[in-house]
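Asks: Take a look at the following structure, please.
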Amino acid sequence: MVTLRNLLVLALLAAGPAGACEVRDFLTTELPAKADLPWIDALELAYPGTEVSANRQTLILADGRKLPTGFGDVPLSPQERLEDASITEQFLQTYPLAFDLTLRETPWFDPGRARNEPFFRALYGNSKAEAAAGLEEVRWPGDAKAIFMMSEKTCAATQLRAALAAIHAIGPEMNVYFQTIGGSFNWRVIAGTTRLSGHSFGIAVDFNTELGGYWRWSGAREGKVGAYDNRYPEALVREMERYGFIWGGKWHHFDGMHFEYRPELILYARLTGAQSD
Ligand SMILES: [Zn+2]
């Protein structure tokens, strides 16, 4: 007999049990033995249930929605990609797993900065309200009081919680990075552009803004950003990468406080043989 109570239980089950996400270590997780095109493996592994069609033209999300991949299209220049990257173009620059800040001195080397906006809108929400509906609170477990609002739609909140626990375990010297934080969820365009920031989707965090430099604040010109005075330690960056976050400190247009949940880019780097030194 279907009672109101049973219906309620069924509705709750359909919504997914709380804590459904399992923590994943993207630096050690097993890679497919027989790799397809690495961008396909990276997407399918990063976002379980996602599939690329046999002709590679269509990305099929776990809920059946379809997006064009841009496979086979003539690639745009790095500048053009920032405005309108296809799904495949997001992989044209490989995010370096090594902690080598000379790589970013190449103009327009910004792996992960070019986003396919329809992809993120489909995964996280097509409006501020939709994106906000997927958020969970994640707290820094140390002395500094830092709270981040992150999307759990792809387990980003669970992954950030794991990363912060690992960073906290390094030692009390990590507290300073969680003071004067820049924030997390914020449905907004990137300064000086009409593009939505990763913060719009609840997948980006800005830690200590005073220690993490930002190219726009440095007076540098777009496309001509030189070296910068990074003050974020390798150990912190490594733990963030382990749990699926890329770091803006590796971009030519550096954003040293910024981390963004892009496990497909960490996996792609491993699938294509980039070493984590
Ligand atoms: Zn940011």
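Reading the sequence shown from the start, the letters are residues 129 to 405 in this note's numbering.
Idealized CB from N, CA, C, for every residue including glycine.
Hey, P203 and L229: beta-carbon distance below 8 Å or not?
Replies: For P203 and L229, no; Cβs fall outside 8 Å.
Asks: Does the segment 263-279 touch the segment 231-238, meaning 3 or more C-beta pairs lie closer than 8 Å?
Replies: At 8 Å Cβ cutoff, the stretches do not touch.
Asks: The beta strand (DSSP E) spanning L195 covers which residue range?
Replies: Note, L195: beta strand (DSSP E), 194-196.
Asks: Using a threshold of 8 Å, state whether the C-beta atoms of L251 and T282 are closer than that.
Replies: For L251 and T282, yes; Cβs fall inside 8 Å.
Asks: Near Q185, which residues of its chain fall below 8 Å by C-beta distance, leaving aside the five closest residues on each side in sequence?
Replies: The answer, listed in chain order, is P196, T197, F199, G200.
Asks: Using three-state DSSP, classify W379 as helix, strand or coil.
Replies: Three-state DSSP puts W379 in coil, outside helix and strand.
Asks: Quick check: the Cα distance between A174 and G351, rounded to an integer number of angstroms?
Replies: Each residue's alpha carbon lies about 30 Å from the other.
Asks: Would you call W345 buried or exposed, if buried means 16 or more other Cβ atoms sit within 10 Å of its Cβ?
Replies: Flag for W345 reads exposed.
Asks: Under 7 Å from any heavy atom of ligand 1, does the C-beta of H386 make it?
Replies: Correct: H386 has its Cβ closer than 7 Å to ligand 1.
Asks: Of all the CB atoms in chain C, is at least one closer than 8 Å to the CB of E362?
Replies: Of the protein chains in the structure, only one exists, and it is not chain C.
Asks: Would you report the Cα separation of R243 and M302, rounded to the nearest angstrom?
Replies: Each residue's alpha carbon lies about 30 Å from the other.
Asks: Is the beta carbon of D164 within less than 7 Å of some heavy atom of ligand 1?
Replies: Outside the cutoff, so no.
Asks: For V333, which residues does DSSP report across the bridge?
Replies: DSSP output for V333 lists F387 as bridge partner(s).
Asks: Can you give me the Cβ contacts of A190 inside the same chain, cut-off strictly under 8 Å, excluding the 5 residues immediately before and after it?
Replies: Closer than 8 Å at the Cβ level, and outside the excluded window around A190, lie Y175, P176, G177, T178.
Asks: Measure the CB-CB distance between F247 and P391 and report whether it falls below 8 Å.
Replies: Contact flag unset, no.
Asks: Given this structure, state the Cα-to-Cα distance separating I275 from E265, to the nearest angstrom.
Replies: Their Cα atoms are separated by approximately 7 Å.
Asks: Could you check how far apart the C-beta atoms of A290 and Y371 are, in whole angstroms? I think they sit under 8 Å.
Replies: With a Cβ gap of about 5 Å, A290 and Y371 count as contacting.
Asks: Starting from M278, follow the beta strand (DSSP E) in both directions and report where the run begins and ends.
Replies: Here the beta strand (DSSP E) through M278 covers 275-279.
Asks: Per DSSP, Y396 is paired with what?
Replies: Y396 is not bridged to any residue.
Asks: Buried or exposed: D357, going by 16 or more other Cβ atoms within 10 Å of its Cβ?
Replies: By the neighbour-count rule (16 or more Cβ atoms within 10 Å), D357 is not buried but exposed.
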